[in-house]
Amino acid sequence: MNTRTAEKALHDPLTTDTQIEDRALRVIGTAARRQLWLMMLDDLHNHVPIVIPLDDLPPVPDRTETDVLVSRLAGILDIADASQLILVWERPGRGRLAEPDTVWARALAENCLRRGVRLRAQLLSHTRGVTLLSPADYGAVTPTAASSAVETGC
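Set out below in structure tokens:
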């Protein structure tokens, strides 16, 4: 891909899961340490050029922590003129969520649903790449909010 095409691609809307995976790989890369990354999309599925790392989450979430975190995430979305949240779990390893991460991913998905925060996708950045997580990967009872052009229907 030439430079002009690569630069243009950074501004293309992210309407499919594959595009979201590719963008997360380009922006966040493969895993080097344990942290959670926040990415955002606007109403037109454009990537808002703000990426926020969080590295101080406790091992196991409780309802109060997830309430506070999702409330703050909603505020960040509002300030950034974004409407969709993407969570990227950076975890060195082979590409599977550990049990504590599964609990966190499920808790945040459920809290986003309860609060009306549009969670577009959750992904795992691992040693070999970036993988889209389906709700079944973290035991969610309801899917993430997906765009109308989604390939996998998550």
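Residue numbers (UniProt numbering): 1 to 154.
Every residue, glycine too, gets a C-beta built ideally from N, C-alpha and C.
All values derive from a computational prediction rather than experimental measurement.
Cβ shell of residue i (< 6 Å), same chain only, five flanking positions each side left out
i, result
"Asn-46", "Pro-13"
"Val-88", "Ala-24, Ile-28, Trp-37, Leu-123 and Ser-125"
"Trp-104", "Pro-61"
Nonlocal neighbours in the same chain, by C-beta distance under 7 Å from residue i, ignoring five residues either side
i, result
"Glu-151", "Model confidence at Glu-151 stands at a pLDDT of 34, short of 50, so the residue's coordinates are unreliable; what they give is reported in the following sentence. Closer than 7 Å at the Cβ level, and outside the excluded window around Glu-151, lie Thr-16, Asp-17 and Thr-18."
"Ala-149", "The pLDDT assigned to Ala-149 is 35, lower than 50, so where the model puts this residue is not dependable; a value taken from the coordinates is nonetheless given after this. Same-chain partners within the cutoff: Thr-15 and Thr-16."
Start-to-end residues for the beta strand (DSSP E) that takes in residue i
i, result
"Ala-121", "119-126"
Pick from the options that is closest to residue i, judged by C-alpha positions
i, options, result
"Pro-135", "Leu-54, Leu-119 and Gly-129", "Leu-119"
"Gln-84", "Leu-44, Ala-105 and Arg-34", "Leu-44"
"Leu-123", "Trp-37, Arg-33 and Ala-32", "Trp-37"
"Cys-112", "Ala-98, Pro-49 and Ala-140", "Ala-140"
Residue i - containing alpha helix (DSSP H), residue span
i, result
"Gly-129", "First-last for Gly-129: 129-133, but that is the beta strand (DSSP E), not the alpha helix (DSSP H)."
Residue i classed as buried or exposed, judged by whether at least 16 other C-beta atoms fall within 10 angstroms
i, result
"Arg-115", "exposed"
"Glu-99", "exposed"
"Arg-94", "exposed"
"Pro-58", "exposed"
Short CB-CB distance (under 8 Å) between residue i and chain D
i, result
"His-126", "The question asks about chain D, but that chain is absent: this structure has only one protein chain."
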